[in-house]
Amino acid sequence: MNVQQLVEQFRVDSLDREQPYLWGEPEVLAWLNEAQAEAAVRGRLLLDDSTPAVCEVAVAAGAASHQLHPKVYEIAHIRFVSAATSQARALDLVSREYLDAKHPRWRDRGLGEPRFAIQTETRLRLVPAPREAGTLLLEAYRLPLKQLTHCNDKPEIHEAHHAYLVHWALHRAFGLPDSDGFDPSRSATSLGEFEAYFGARPDSDLRRATRHDEPQVTVVHTL
Numbered sequence: 003m004n005v006q007q008l009v010e011q012f013r014v015d016s017l018d019r020e021q022p023y024l025w026g027e028p029e030v031l032a033w034l035n036e037a038q039a040e041a042a043v044r045g046r047l048l049l050d051d052s053t054p055a056v057c058e059v060a061v062a063a064g065a066a067s068h069q070l071h072p073k074v075y076e077i078a079h080i081r082f083v084s085a086a087t088s089q090a091r092a093l094d095l096v097s098r099e100y101l102d103a104k105h106p107r108w109r110d111r112g113l114g115e116p117r118f119a120i121q122t123e124t125r126l127r128l129v130p131a132p133r134e135a136g137t138l139l140l141e142a143y144r145l146p147l148k149q150l151t152h153c154n155d156k157p158e159i160h161e162a163h164h165a166y167l168v169h170w171a172l173h174r175a176f177g178l179p180d181s182d183g184f185d186p187s188r189s190a191t192s193l194g195e196f197e198a199y200f201g202a203r204p205d206s207d208l209r210r211a212t213r214h215d216e217p218q219v220t221v222v223h224t225l
C-alpha cells in the first residue's frame, strides 16, 4: 500500500470521509510514520546487512569508540575486518558489567585485536582498542531510513504489514483530547489491535538486556 491508500483506509476506518476533515493529512501522515517506526521496533522487522551507511563503520587504529548510524537500535552480529590482512573476526557483544566481572582490567589494556564490542544508545566501544585500522561489518535492526512524505511513497516494511499501520494512526487520532474526534475507548481498542499484530513496545531496559547477552561463541579470550 502507498501513502494515499493508507490515508484513504484511515478515512474509512475513522469515519472521517467528509471535508472539512477532523484530522488533516499532515497529522495522519505523521502518525503513519510513527506507526512504521513503532512496528519496526516492536516486530524487529528491518534487519539490515547490506546498506553501507548503516552496516559499515570505518575504524582508525587506536580508536575505541565509534558512532553508529542514527537509525540503528540493536546489533545482531558484528565483525571486524583488518585493513592489513582483510581477515574478518566476529566480535562478542557484551556489557560493561560482563567485562567487569570476567576481565576487570579491560579498561587499562593497550591496543590489540578487538575481541568484544559494547553497544550504547548511539555508539560502539571496541575492546581492546584496535592496533590496526579496519572496518566493522554489522547486521543490525534499524528504523526506516526515509519518512513517508508523498502520496506514492510506500512503507519500507513488508507489504503484508502495511494495513496494520492504520491501527496506530487511529489510536493517535482518537486519543487527541482536544479534538472533536476524541474517543478514548476507540483509541485503546485501536492500540490493542496494533499491539496484537506487532507486539508490545520493549522498554529501554529490555532492549539494553538484548544488546548485552552473553557472548554468542564460547571462546577463551586473553586480554
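The sequence shown maps to residues 3 to 225 in this note's numbering. Cβ coordinates follow ideal geometry from the N, Cα and C atoms, glycine included.
Outcome for residue i when other beta-carbon atoms lying within 10 angstroms are tallied against a minimum of 16
i, result
"glutamate 123", "exposed"
"lysine 73", "buried"
"asparagine 154", "exposed"
"alanine 149", "At residue 149 the sequence reads glutamine, which differs from the alanine that was named. It is exposed - the Cβ of glutamine 149 has fewer than 16 other Cβ atoms within 10 Å."
"serine 16", "buried"
"glutamate 40", "buried"
"proline 132", "buried"
"histidine 160", "exposed"
"glutamine 21", "exposed"
Residue i - DSSP class collapsed to helix/strand/coil
i, result
"glycine 114", "strand"
"serine 181", "coil"
"leucine 140", "strand"
"aspartate 18", "coil"
"alanine 190", "helix"
"valine 96", "coil"
"glutamine 121", "strand"
"arginine 206", "Position check: residue 206 holds serine in this sequence, whereas arginine was assumed. Serine 206: helix per DSSP, three-state reduction."
Rounded straight-line distance, which links the Cα of residue j to that of residue i
i, j, result
"leucine 95", "leucine 172", "38 Å"
"histidine 105", "arginine 111", "10 Å"
"aspartate 182", "alanine 42", "31 Å"
"tyrosine 23", "tyrosine 199", "28 Å"
"alanine 85", "alanine 175", "52 Å"
"proline 28", "proline 54", "32 Å"
"alanine 162", "histidine 68", "35 Å"
"glutamate 134", "leucine 93", "15 Å"
Close Cβ partners of residue i (< 6 Å) along its chain, the five nearest in sequence each way excluded
i, result
"glutamate 158", "Pro146"
"valine 129", "Trp108, Phe118"
Cβ-based neighbour list, residue i, same chain, cut-off 8 Å, excluding 5 preceding and 5 following
i, result
"glutamate 58", "Thr137, Leu138, Leu139, Leu140"
"asparagine 4", "Cys153, Asn154, Asp155, Lys156"
Own chain partners of residue i with C-beta closer than 7 Å, once the 5 adjacent residues on each side are dropped
i, result
"alanine 142", "Asp50, Val56, Cys57, Val74, Glu76, Ile77, Ala78"
- Query: Which runs of the alpha helix (DSSP H) fall wholly inside the region 8 to 64 and span at least 4 residues, in chain order?
  - Reply: 27 to 45, 54 to 57
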